[in-house]
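Position 176 (the sequence shown) corresponds to 177 in the numbering used here; numbering is contiguous.
Data block below; observations after.
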Amino acid sequence: MIPIVIIGAGMAGLACARRLADAGLAPVVLDKGRGIGGRVATRRAGSLQFDHGAQYMNAHGSDFAAVLRNLGETGALAGWQDGTGQTHSVGVPGMSAIPKALGAGLDIRKNSKVVRIAQDPEGWVLHLDDAILRAARVVVTVPAPQVAGLLGADHPLVAALAPVRLAACLTLMAAVEGPAPFITRQDADDPLAWIAQDSAKPGRPPGLTALWVAQASEAFSQAHLEDTPTAIAARMLPLLCDRLGVAPNKVTHAASHRWRYARVTQALGLPFLNSPDATLYLGGDWCIGPRVESAWTSGTTIADEILARG
Numbered sequence: 002m003i004p005i006v007i008i009g010a011g012m013a014g015l016a017c018a019r020r021l022a023d024a025g026l027a028p029v030v031l032d033k034g035r036g037i038g039g040r041v042a043t044r045r046a047g048s049l050q051f052d053h054g055a056q057y058m059n060a061h062g063s064d065f066a067a068v069l070r071n072l073g074e075t076g077a078l079a080g081w082q083d084g085t086g087q088t089h090s091v092g093v094p095g096m097s098a099i100p101k102a103l104g105a106g107l108d109i110r111k112n113s114k115v116v117r118i119a120q121d122p123e124g125w126v127l128h129l130d131d132a133i134l135r136a137a138r139v140v141v142t143v144p145a146p147q148v149a150g151l152l153g154a155d156h157p158l159v160a161a162l163a164p165v166r167l168a169a170c171l172t173l174m175a176a177v178e179g180p181a182p183f184i185t186r187q188d189a190d191d192p193l194a195w196i197a198q199d200s201a202k203p204g205r206p207p208g209l210t211a212l213w214v215a216q217a218s219e220a221f222s223q224a225h226l227e228d229t230p231t232a233i234a235a236r237m238l239p240l241l242c243d244r245l246g247v248a249p250n251k252v253t254h255a256a257s258h259r260w261r262y263a264r265v266t267q268a269l270g271l272p273f274l275n276s277p278d279a280t281l282y283l284g285g286d287w288c289i290g291p292r293v294e295s296a297w298t299s300g301t302t303i304a305d306e307i308l309a310r311g
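Structure (structure tokens):
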């Protein structure tokens, strides 16, 4: 019997595990992916790399500010001026450096997909693709729409998630030869709502080719969500070339990524949910709002609640 299992190694799951581990507990973190961090991620293609999820993070509260400050002291984070006069915090050499630093020393089991969890008189039974685990307490930090698949649609906590809304986001990653006309461009009404010169961030590998990340608007993303990755790239690339003022033959690499649950558009309004017996917790950025700090706050608050209960 594992005392505490956390499902999901995104920022909420890592924050929860980190706080529990620092208090002397030994949580087990399960994640279905090959990497950790969720949308705080970096995609690599040969010598190229792209922050294809969260572009940066900022602190609005003192606790998260202390986390970012500590990450900066370890060299995993640095300030990035986005060309508009604003400075943001980014991972070095990529955004994925942040979850790697937060997860150092934790028991994180990647490629571990949990397909169903159920409670019995002895605790919780976790059904994985190829194994069964037992846990006394479970913390679920997957996107809200995926909770019903784990607990069952009739679980009482699932009904409480009905107000939560998350929007999809399609992302294009491209290497483009030639001068870069800007560092970032943001226009919520444009099909490419966000464009960033990813190679301009600190600590990125040097190169003569500018690396760009373009993230589509909510409307464009929803309209083309079920397109193939090749079709998504083919739709977005001409738009990027137009915004950069370059010919398509200047593009040396292009790929896309589909984030089905990318941005919180309607939050729960609570830092977490829990079962009456306090053996099951649900959390994530969807509890509070569309920021990395929201995920961290949710996960940390869950850990504090568990520690307070003893």
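All C-beta atoms in this analysis are idealised placements derived from N, C-alpha and C, irrespective of residue type, glycine included.
On a predicted model such as this, the values are computed, not experimentally measured, just so you know.
How many Å lie between T313 and N250 at the Cα? Beyond the ends of the chain as shown, which are 2 and 311, falls residue 313; an answer cannot be given.
Is the CB-CB distance between G300 and T142 below 9 Å? yes
Tell me whether M12 is buried or exposed, calling it buried when 16 or more other Cβ atoms sit within 10 Å of its Cβ. buried
To the nearest angstrom, how far is it from the Cα of A175 to the Cα of L134? 42 Å
Under the rule that 16 or more other beta-carbon atoms within 10 Å means buried, what is Q87, buried or exposed? It counts as exposed.
What residue from V91, G54, F51 has the CA that sits closest to V68's CA? A check of alpha carbon separations from V68 across V91, G54, F51 identifies V91 as the nearest.
Run through the DSSP bridge pairs and tell me what M174 is partnered with. V214, A256
Would you call the CB atoms of A211 and A255 closer than 9 Å? no
Can you list, in chain order, the residues of its chain whose CB lies under 6 Å from that of Q187, leaving out five sequence neighbours each side? W195
With distance defined between alpha-carbon atoms, name the residue in V116, A169, R138 nearest to G124. R138
Could you please give the first and the last residue of the uninterrupted alpha helix (DSSP H) stretch that includes G150? 148 to 152
What residue ranges within the segment 235 to 307 form continuous beta strand (DSSP E) runs of no fewer than 3 residues, ordered along the chain? 252 to 267, 281 to 283
Around the Cβ of T253, are there at least 16 other Cβ atoms within 10 angstroms (buried) or fewer (exposed)? exposed
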